[in-house]
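Everything on this sheet refers to the single structure shown next.
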Amino acid sequence: MSKPLPKSAYLSGNFAPWLMEGEVHDPVVIGEIPRELAGAYYRNGSNPQFAPGPNYHWFTGDGMIHAFHIEDGRCRYRNRWVRTPRFEVEREAGKALFSGLGPSEPDPRIEGVSGNSSNTNVLWHAGKLLSYWEAGPPYEIDPATLETIGLWDYHGAFHRERMGNVVPDTMTAHPKIDPDTDECLGFGYSPMAPNLVYHVVDADGRLTRSDEIEVPYPCMMHDFVASSEHVLFPVLPAVFNFEKMADTGFPVAWEPERGSQLGVMPRGGGSDDVVWFETDPCFSFHYVNAVSHGSEFVVDYWRLDSLGLVPTERIAGGPPTLHRWTFDVAKGTVKDEALDDAPAEFGRIDPRRAGKEYRDVYSLGTLAIPQSEGEPQFFNSLFHYDMKSGSRRDHRLREGDTFGEPIFVPRTPDAKEGDGFVLAIAHRAAENRSDLLILDAQDIAADPLATVQLPHRIPYGFHGNWRPAG
Ligand SMILES: [Fe+2]
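Heads up, the sequence shown is in our numbering, so the first residue is 2 and it goes up one at a time.
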């Protein structure tokens with residue numbers, strides 16, 4: 002780090018970047034790692050290599066991937082930055098050249114260099130480990146060494162003409178894998194036409210669809226969701242607005258008067274087949290799952306009353322909570338209901354139930370603590386929602402400790418839903434260190450089956466996934 006970190010909530014405590022790359026060959030393990038667990042857990046997050054420029058936001062740091070390779074009851078840890086052109090040009094300069102969210106004077110050294118920091122998600126598909134950002138293409142990563150192999154363009158097909166130039170296309174950081182076909186469904190969004198493109202990648206990594214979808218207005222779309230029958234394009238009022246950018250320095254404005262416009266497309270349909278439903282303004286960063294029964298389409302999601310990102314925005318409402326939209330696609334109606342009132346987000350399911358009837362959701366949650374202990378640490382708990390019974394169980398950490406996004410790993414490929422393990426990274430505040438917790442998915446309140454202790458901390462990050470061995 003050439004300069005000290007500037008003062009920022011997103012550079013303090015466990016948000017601060019971890020500046021070393023390395024390996025812990027045999028970390029201390031408390032308990033027993035289940036022998037059925039064989040594979041690797043990869044997690045991506047924002048980790049700026051240099052003291053950032055102005056307007057730093059957690060969303061804008063360089064991607065760093067952390068990997069836990071697990072086999073025969075043993076675990077090996079490794080971490081590396083994703084070597085994007087942005088990372089390399091800043092390493093050459095020995096300082097940050099890109100700014101965060103907001104106004105800045107661009108440095109001439111980054112002219113023509115993509116801002117893709119590849120920091121948001123990491124997912125195994127079609128025999129490749131891919132690191133995702135939401136406004137560009139993914140990067141291919143070596144699954145063993147975490148070396149960056151390069152930009153992944155889906156066998157040369159991932160380009161699009163925008164404003165007269167052919168440029169790399171964009172892929173969401175939240176693609177969805179169809180558990181029956183192993184297809185990868187995704188989309189790209191852009192302030193420049195076309196504003197939304199629906200992508201389908203087959204099990205061999207080839208683009209089979211890349212279709213433009215007409216939208217009511219161009220918006221920021223972080224995630225989407227699909228059932229076996231329908232796809233939801235959530236056009237929420239985080240609107241691209243370059244006129245307001247002069248005031249806010251931010252290309253997205255919160256315009257609740259536009260309402261939420263929810264586009265439901267049959268999986269086999271196209272832009273002309275999208276049915277649009279207008280409903281109350283809200284924002285959602287993440288969707289849990291969706292299921293269709295005939296013309297009924299049910300979507301579970303984390304609801305916010307506003308975006309909360311725009312510098313001049315008055316933030317409305319509280320933290321995200323679990324909600325459900327039920328669409329009657331034939332009648333053209335949608336209703337919204339709250340499923341729980343506890344603050345929660347980053348919900349994950351058994352990946353074999355994606356787009357289907359499902360029961361188990363594992364998420365981050367915030368539980369109140371006795372008043373005498375002060376304000377609760379955000380995401381001090383893991384939640385297990387039973388969507389059939391409506392019940393919720395939890396695993397609360399010690400005071401000051403914090404969980405990162407959980408993932409679910411089935412015990413065996415054909416184990417029943419929810420029979421398996423929940424993996425999550427926990428930050429231990431008192432020791433300023435991180436552990437990987439391996440929990441019994443059917444009894445998350447119990448002590449972990451195993452705790453893998455790292456000698457250092459892993460900064461708060463975004464998303465990750467499991468790659469089974471073999
Ligand atoms: Fe996300």
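The beta-carbon is built from N, C-alpha and C at its ideal position, and this holds for glycine as well.
Fair warning: this is a prediction, and the values are worked out from it, not measured in the lab.
For Ile111, the secondary structure class from DSSP, reduced to helix, strand or coil, is helix. In this model, Ile142 and Glu418 are separated by some 30 Å (Cα to Cα).
Non-local C-beta neighbours of Ala136 in its own chain, meaning closer than 6 Å and more than five positions away in sequence, comprise Thr171, ordered along the chain. By the Cβ rule, the segment 426-441 counts as touching the segment 450-462, because three or more pairs are nearer than 8 Å. If you draw a straight line from the Cα of Ala291 to the Cα of Pro109, it is about 45 Å long. Comparing alpha carbon positions, the residue from Tyr43, Pro192 and His231 closest to Thr327 is His231. Straight through space, the alpha carbons of Arg161 and Leu131 are spaced by roughly 20 Å. From the listed residues Pro53, Leu102 and Ala41, the smallest Cα separation to Gly74 is found for Ala41. Annotation: the continuous beta strand (DSSP E) that includes Ala345 extends over Ala345 to Arg349. Between Thr334 and Val300, the alpha-carbon positions lie close to 14 Å from each other.
Residue state for Asp361 is assigned as strand, using DSSP reduced to three classes. Residue side-chain check: Thr121 places its Cβ nearer than 8 Å to a non-hydrogen atom of ligand 1.
Shown here, Tyr11 sits in a helix according to DSSP, grouped into three states.
A direct Cα-to-Cα measurement between Pro217 and Pro449 gives close to 47 Å. Counting only runs that start and end inside the segment 376-423, the beta strand (DSSP E) elements of at least 3 residues fall at 382-387, 392-397 and 408-411.
With respect to the 9 Å criterion, Asp420 and Pro411 are classified as neighbours on the basis of their beta carbons.
Nearest Cα to Ser272 within the set Glu279, Gly264 and Phe278: Gly264. DSSP, read as helix, strand or coil, puts Pro176 in coil.
Between Leu20 and Arg81, the C-beta spacing is not below 9 Å.
A Cβ-Cβ separation of about 16 Å leaves Arg468 out of contact with Glu406 under the 8 Å criterion. Restricting attention to Leu208, Arg268, Asp395 and Gly62, the CA atom closest to the CA of Ala158 is found in Leu208. Note on Asp361: 16 or more other CB atoms within 10 angstroms of its CB, so buried under the neighbour-count rule.
Of His464, Glu244, Asp441 and Leu365, the smallest CA-CA separation from Leu38 is found for Asp441.
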